[in-house]
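Under the working numbering, the first residue of the sequence shown is numbered 64, with each subsequent residue one higher.
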Amino acid sequence: MAAHRVAPGDELDPLAVLRALGLEDARAVEPVAGGWDTALWRVERSGASSALRLFRPEQASIARREALALRALVGHVPVPEVQAEGTWHGRPALLLSWVPGRPLAHALRARPWLAWRLGHAFGRAQVRIHAVPVTEALRQLETDWIALAGPGEEALQARLRALPPRADALIHLDYHPLNVMVEGTKVTGVLDWANVSIGDARADLARTLSILRLAPSPPGFPERLHGLITRLLELGWRHGYGQPFGDQAEMALFYTWAGVVMLRDLAPKVGRPGVWLRTHHLDAVRRWTEAWKRRAGSPP
């Protein structure tokens, strides 16, 4: 199961959270570290492992959307099962089945020689997401994903809205190696559906590519090796996806959008407790965004 960090100083009681969900049979609870947005524990109960995910109060709508998406995706995409849903002190909580394996990003660092094969599996799983039939339940997840570009990018948003509509796919919008679990070279689960929407698959592809190209190497990991591994991963991902991304002139708009969204997503995290991201890590994202804006013929 993907890991999420419990911020230092948080006074969170996972057993109390479980009781609020109507569960009294936990035998062991272990905090899991590694992410930036929600608290996560591994829970042993009735001889099986589960993941207890606790959101912040302001993330209530995100928790509801994630639970809806997971329930609708069973049988289409490997996702954890929602075992319980509720709140604790105003904070939404989900108990999910434990996904075997480890995040693809961790598998890459342990076995970098598998980068292309893991990338191929990564791409095949994304094809499955984009091929999911859009049911009425999934239609409830539809959002104005173009507006994620935020204020100041009205011209970019207008150009994206003017493109011939292709808003018929389920899009994850945070599909990257920390949100995909693997065992060996098999994808066992796709996690963190907080950004899910119905929209243009090209936006999802652009978002994934921006993260693969621009996410900084973790502390202590050689930067050049990180770059080589992610390049091989990208090649495998493209091959596994197996379909052209689209017209390059139009893709320039999507890549610009992805860069803008990445800046808006990462900037507030800089300097937060438990987050190793620093201001200089955003420089490459700005260069990417400006370069694609020029290619798209958009004003800087």
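By construction, the Cβ of each residue, glycine as well, lies at the ideal position given by its N, Cα and C atoms.
Here the structure is a predicted model, which means the values were calculated and not measured.
Residue of the options minimising C-alpha distance to residue i
i    : options                : result
A347 : R90, G290, G303, P279  : P279
P77  : G110, T251, T248, R154 : R154
E205 : R301, H343, W320, V259 : V259
W355 : V333, M314, A126, R327 : M314
A170 : L277, E297, M244       : M244
R82  : R119, A111, L157       : L157
W176 : L316, E121, L291, E87  : L291
I261 : R229, V137, R357       : R229
R191 : E121, L226, L233, R335 : L233
C-beta atoms of residue i and residue j nearer than 8 angstroms
i    : j    : result
V80  : L117 : yes
L345 : A359 : no
Q189 : T271 : yes
R105 : R90  : no
H235 : V253 : yes
Q203 : A210 : no
G303 : G164 : no
G182 : W351 : no
A114 : W161 : yes
A168 : T248 : no
H193 : D310 : no
R222 : L316 : yes
F284 : R172 : yes
N- and C-terminal bounds of the alpha helix (DSSP H) containing residue i
i    : result
G322 : 311-329
R119 : Where R119 is concerned, there is no enclosing alpha helix (DSSP H), given that its DSSP letter is neither H nor E.
P77  : 77-83
A359 : 346-359
Y304 : 286-304
Boundaries (first-last residue) of the beta strand (DSSP E) holding residue i
i    : result
Q146 : 145-151
I234 : 232-234
G262 : 260-262
E246 : 243-246
L103 : 102-108
For residue i, the three-state DSSP class (helix, strand or coil)
i    : result
E217 : helix
E93  : strand
A70  : Residue confidence for A70 is low, a pLDDT of 41 falling below 50, so the modelled location carries little weight and cannot support an answer.
G252 : strand
S273 : helix
W161 : coil
P175 : helix
V197 : coil
M64  : Note that M64 has pLDDT 46, beneath the 50 cutoff, so the model's placement of it is unreliable and the number below is only indicative. Three-state DSSP puts M64 in coil, outside helix and strand.
A130 : helix
A156 : strand
Supposed close pair residue i, residue j - CB separation, criterion 8 angstroms
i    : j    : result
Y318 : A264 : Contact flag wrong, Cβ pair sits at about 14 angstroms.
T198 : A135 : 6 angstroms
H139 : V95  : Actually they are not in contact, since the Cβ atoms of H139 and V95 sit about 26 angstroms apart, beyond 8 angstroms.
L241 : P166 : 5 angstroms
A212 : V333 : Actually they are not in contact, since the Cβ atoms of A212 and V333 sit about 20 angstroms apart, beyond 8 angstroms.
W256 : E144 : 13 angstroms between Cβ atoms; not a contact.
A147 : G85  : 7 angstroms
L295 : W179 : 5 angstroms
A312 : S273 : With 8 angstroms as the limit, A312 and S273 do not qualify as a contact, their Cβ atoms being about 18 angstroms apart.
L326 : R349 : 7 angstroms
Beta carbon proximity, residue i to chain D, threshold 8 angstroms
i    : result
P214 : Reference to chain D is not applicable here, since this structure consists of a single protein chain.
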